[in-house]
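The next block holds one structure in the form of structure tokens; read it before the comments.
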Amino acid sequence: MALALVLVFFVAPVDADQGISQKIFYFHVPIALTAYACFGTGAWKALRLLMTAEERYDLESYTAVHQGTIFGALTLVTGSIWAKASWGVWWAWSSNQLVLFLVLFLFYCAYFMLRFSLEPGSRRARSSAVYALFGVVLIPVSFLAIRLANDFIHPTVFTRHGAQMTGWMFTAFCVSWAALLLLAYVMYRVEIIGKQIDANLRELRELLTA
Amino acid sequence: MRVSSGEKYVAAAYAVVLLAVLVWVAIIAAKLARLERETGELTGLVRDSTSRGDG
Chain V
214 MALALVLVFF
224 VAPVDADQGI
234 SQKIFYFHVP
244 IALTAYACFG
254 TGAWKALRLL
264 MTAEERYDLE
274 SYTAVHQGTI
284 FGALTLVTGS
294 IWAKASWGVW
304 WAWSSNQLVL
314 FLVLFLFYCA
324 YFMLRFSLEP
334 GSRRARSSAV
344 YALFGVVLIP
354 VSFLAIRLAN
364 DFIHPTVFTR
374 HGAQMTGWMF
384 TAFCVSWAAL
394 LLLAYVMYRV
404 EIIGKQIDAN
414 LRELRELLTA
Chain H
211 MRVSSGEKYV
221 AAAYAVVLLA
231 VLVWVAIIAA
241 KLARLERETG
251 ELTGLVRDST
261 SRGDG
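Quick mapping for you: the protein sequence lines, in order, are chains V and H.
The first sequence begins at 214 in the numbering used here and counts up by one.
The second sequence begins at 211 in the numbering used here and counts up by one.
Quick look at the structure:
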């Protein structure tokens, strides 16, 4: 993360078009891509749950979706700040890319409403898994929306001709993305381990007080 | 030192990310403190039941 910040602020050149506010790109886009990765992981774990019925995949899927929601919220907040800096508005309903990402985010927020409206057990695990799998369909739609809908507001950096940025900009972007993926992975592992310890302690307490 | 509006927005965006990481660290610290307390309580329960078993 420290290396990413050094590259972003001291090595990568300032964008000729947007000026200093373009620096937000180096965290905003990796955060969005990390959110997609988390939702994709949640869907994969959900599929594994439905295939094997192993309880651990429920926790792993839930945790991945939870992380994805956090990164999704950060995407929307950093994106709004960048929008204000670049376009003078906090949000543009005319942008399909923005609206579709918001729909994706709200869809996964509803995941928690579904999950916690059901009693813990196999029914909750299966229902959550099916919902997480449906959500993953929205990811490529959201990702491709900018290309499909001729969105003239939200910039397209990665095109069929490659990344539209200089070498150091691309390096800074890659390092930032790696740092955020690593952060997401650490958060994911810490949350899972914490929940497993919680469950073990609860079971131990029940055995000792029985 | 004059700060342009672009620089302010960049600082705000990065501050949001930093704040999110700090909040996460604080939540983890609180959770660890709770787990430590519960582990201590359970250790006490085990000691009590062991001493009752010896006595």
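Note that beta-carbon positions come from the ideal geometry of N, C-alpha and C, so glycine has one too.
These numbers were taken from a predicted model, which means no experiment stands behind them.
With DSSP collapsed to three states, give me the class of residue i.
i               : result
G301 of chain V : coil
D411 of chain V : helix
D258 of chain H : helix
D230 of chain V : coil
V290 of chain V : helix
T379 of chain V : coil
F329 of chain V : coil
S274 of chain V : helix
E268 of chain V : coil
M400 of chain V : helix
G265 of chain H : Model confidence at G265 of chain H stands at a pLDDT of 48, short of 50, so the residue's coordinates are unreliable; what they give is reported in the following sentence. Note: G265 of chain H maps to coil in three-state DSSP.
A423 of chain V : coil
V213 of chain H : coil
For residue i, return the contacting residues in chain H, with the cut-off set at a CB-CB distance below 9 Å.
i               : result
V343 of chain V : Going along chain H, no residue has its Cβ under 9 Å from V343 of chain V, so there is no contact; the nearest lies around 29 Å.
For residue i, decide whether its Cβ has a neighbour in chain V, counting only Cβ atoms nearer than 8 Å.
i               : result
G250 of chain H : no
S261 of chain H : no
E203 of chain H : This structure leaves residue 203 of chain H out entirely; chain H is present only between 211 and 265.
G216 of chain H : yes
Compare the beta carbon distance of residue i and residue j with 8 Å and say whether it is the shorter of the two.
i               : j               : result
H241 of chain V : W295 of chain V : yes
F284 of chain V : A256 of chain V : no
E268 of chain V : K258 of chain V : no
F252 of chain V : V290 of chain V : no
L459 of chain V : V354 of chain V : Nothing can be reported for residue 459 of chain V: it is not among the residues displayed for chain V, which extend from 214 to 423.
T276 of chain V : Y401 of chain V : yes
P243 of chain V : W381 of chain V : no
S308 of chain V : Y219 of chain H : no
L260 of chain V : L346 of chain V : yes
I406 of chain V : L245 of chain H : no
A385 of chain V : A217 of chain V : yes
L327 of chain V : S340 of chain V : yes
G281 of chain V : Y321 of chain V : yes
For residue i, return the contacting residues in chain H, with the cut-off set at a CB-CB distance below 7 Å.
i               : result
R418 of chain V : L252
G407 of chain V : K241
Can you list the residues of chain H that residue i reaches, using a CB-CB cut of under 8 Å?
i               : result
T291 of chain V : A223, V226 and V227
M400 of chain V : W234
L414 of chain V : L245, E248, T249 and L252
F240 of chain V : A223, Y224 and V227
Verify the CB distance criterion: does residue i have a CB-CB separation below 8 Å to chain H?
i               : result
V403 of chain V : yes
K258 of chain V : no
I233 of chain V : yes
F318 of chain V : no
L421 of chain V : yes
I237 of chain V : yes
I352 of chain V : no
Heavy atom of the ligand MN less than 7 Å from the Cβ of residue i, yes or no?
i               : result
Y270 of chain V : The ligand MN is absent from the structure shown, which contains no ligand whatsoever.
Subject >> Within 9 Å of chain V by C-beta, residues of the region 225-238 of chain H in sequence order >> reply: V226, V227, A230, V231, W234 and I238
**OP:** Report the residues of the region 273-302 of chain V with a CB closer than 8 Å to any CB of chain H, ordered along the chain.
**Re:** If the cut-off is 8 Å between Cβ atoms, the region 273-302 of chain V has I283, L287, V290, T291, I294, W295, K297 and A298 near chain H.
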